[in-house]
Amino acid sequence: AQSVTQLGSHVSVSEGALVLLRCNYSSSVPPYLFWYVQYPNQGLQLLLKYTTGATLVKGINGFEAEFKKSETSFHLTKPSAHMSDAAEYFCAVSDINSFGNEKLTFGTGTRLTIIP
Amino acid sequence: EPEVTQTPSHQVTQMGQEVILRCVPISNHLYFYWYRQILGQKVEFLVSFYNNEISEKSEIFDDQFSVERPDGSNFTLKIRSTKLEDSAMYFCASAERGGGRSEAFFGQGTRLTVV
Numbered sequence: 002a003q004s005v006t007q008l009g010s011h012v013s014v015s016e017g018a019l020v021l022l023r024c025n026y027s028s029s030v031p032p033y034l035f036w037y038v039q040y041p042n043q044g045l046q047l048l049l050k051y052t053t054g055a056t057l058v059k060g061i062n063g064f065e066a067e068f069k070k071s072e073t074s075f076h077l078t079k080p081s082a083h084m085s086d087a088a089e090y091f092c093a094v095s096d097i098n099s100f101g102n103e104k105l106t107f108g109t110g111t112r113l114t115i116i117p
Numbered sequence: 095e096p097e098v099t100q101t102p103s104h105q106v107t108q109m110g111q112e113v114i115l116r117c118v119p120i121s122n123h124l125y126f127y128w129y130r131q132i133l134g135q136k137v138e139f140l141v142s143f144y145n146n147e148i149s150e151k152s153e154i155f156d157d158q159f160s161v162e163r164p165d166g167s168n169f170t171l172k173i174r175s176t177k178l179e180d181s182a183m184y185f186c187a188s189a190e191r192g193g194g195r196s197e198a199f200f201g202q203g204t205r206l207t208v209v
C-alpha cells in the first residue's frame with residue numbers, strides 16, 4: 002500500500018527565507034507524486050506533479066520539488082518565501098486502478114506560516 | 095476558469111439523519127472522486143466513479159454511503175444515517191482523463207457537522 006509521511010505539521014519561515022517542506026513516501030511501484038496547497042476556506046490546488054523523467058519538477062508560484070528515489074523523498078522548496086505562501090501543504094502519492102481512476106493518498110499536511 | 099463547485103459549504107445535521115452533499119464537476123471531466131478530511135487529520139480517499147459506476151472504494155465507504163450522478167452534471171454523496179464520526183470536510187474532485195494523464199481538480203469542500 003502507498004503511504005506518505007510529512008515531517009513537521011507546522012513550519013514557520015521568515016519572509017524572503019528558504020522554504021523546505023519534507024515528504025517521504027512508500028510505494029511498491031514507481032510512484033506518481035504530488036504537492037497540493039490549501040489556502041484558508043478553499044479547496045486543494047495542485048502545485049506540482051512528478052510522473053517520470055526529470056527528477057526536479059517546477060510548479061506554480063515558484064515552488065519546486067525533487068524526486069529522490071534512493072531517499073524515497075519528494076521535498077518541496079521555494080528559494081524565497083512570500084507572505085502569500087502561508088497555507089497548508091499536502092504531499093500525495095497516487096495509485097491508478099484498472100479503470101484509470103487515480104486514487105490519491107495524502108500526508109497529514111504541513112501548515113506553513115510566514116513571519117514578516 | 096472552470097472549477098468544481100460544491101454545495102452547501104457547511105451543513106449541520108442531527109445524528110441519524112440523511113445528508114446529500116452535492117458537487118458539480120467540470121463539464122468535460124469523466125473521472126470523479128470524493129475525499130474527506132476529519133479535523134486535524136489527513137485527507138482520505140472515499141470513492142472513485144467512472145462510467146456511471148463505482149470503480150474503487152475505501153474501507154470508510156460502507157453501506158451508509160452512496161454516490162450518484164443523477165443527471166449528467168451533478169455528482170452526489172449520500173450518507174444514509176449520519177454518525178458523529180462522519181463530521182468532516184468532504185471534498186469532491188474530477189479529472190478529464192484517467193491513468194494519471196490529467197490533473198484532479200478539487201472543490202472547496204463541504205463541512206459536515208453531525209450533532
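Read top to bottom, the protein sequences are chains A and B.
Residue numbers for the first sequence follow my numbering, so the first one is 2 and each next one is one higher.
Residue numbers for the second sequence follow my numbering, so the first one is 95 and each next one is one higher.
For every residue, glycine included, the Cβ atom is placed at its ideal position computed from N, Cα and C.
Per DSSP, Asp156/B lies in no beta strand (DSSP E) and is assigned neither H nor E. In this structure, Glu138/B is the residue among Phe126/B, Glu138/B, Phe155/B with its C-alpha nearest to the C-alpha of Phe107/A. Excluding residues up to 5 positions away in sequence, Arg23, Thr111 lie with their Cβ nearer than 7 Å to the Cβ of Gly9/A in the same chain. Neighbours of Ser95/A in chain B, taken as residues whose beta carbon is under 8 Å from its own, are Gly194 in chain order. Secondary structure at Asn62/A: helix, using DSSP grouped into helix, strand and coil. Interface criterion not met: the Cβ of Gly166/B is under 8 Å from no Cβ in chain A. Rounded to the nearest whole angstrom, the C-alpha separation of Ile173/B and Ser152/B is 15 Å. Going by C-alpha positions, Leu48/A is about 6 Å away from Ile61/A. For Lys70/A, the three-state secondary structure derived from DSSP is helix. A distance below 8 Å between beta-carbons, with the five flanking residues on each side excluded, links Ile120/B to the following residues of its chain, in chain order: Pro96, Glu97, Val98, Ser188, Glu190, Phe199. Around the CB of Asn145/B, fewer than 16 other CB atoms lie within 10 Å, so the residue is classed as exposed. Not one beta carbon of chain B lies nearer than 8 Å to the beta carbon of Phe64/A. Looking from the CA of Phe143/B, the closest CA among Ser15/A, Tyr33/A, Gly44/A, Glu103/A belongs to Glu103/A.
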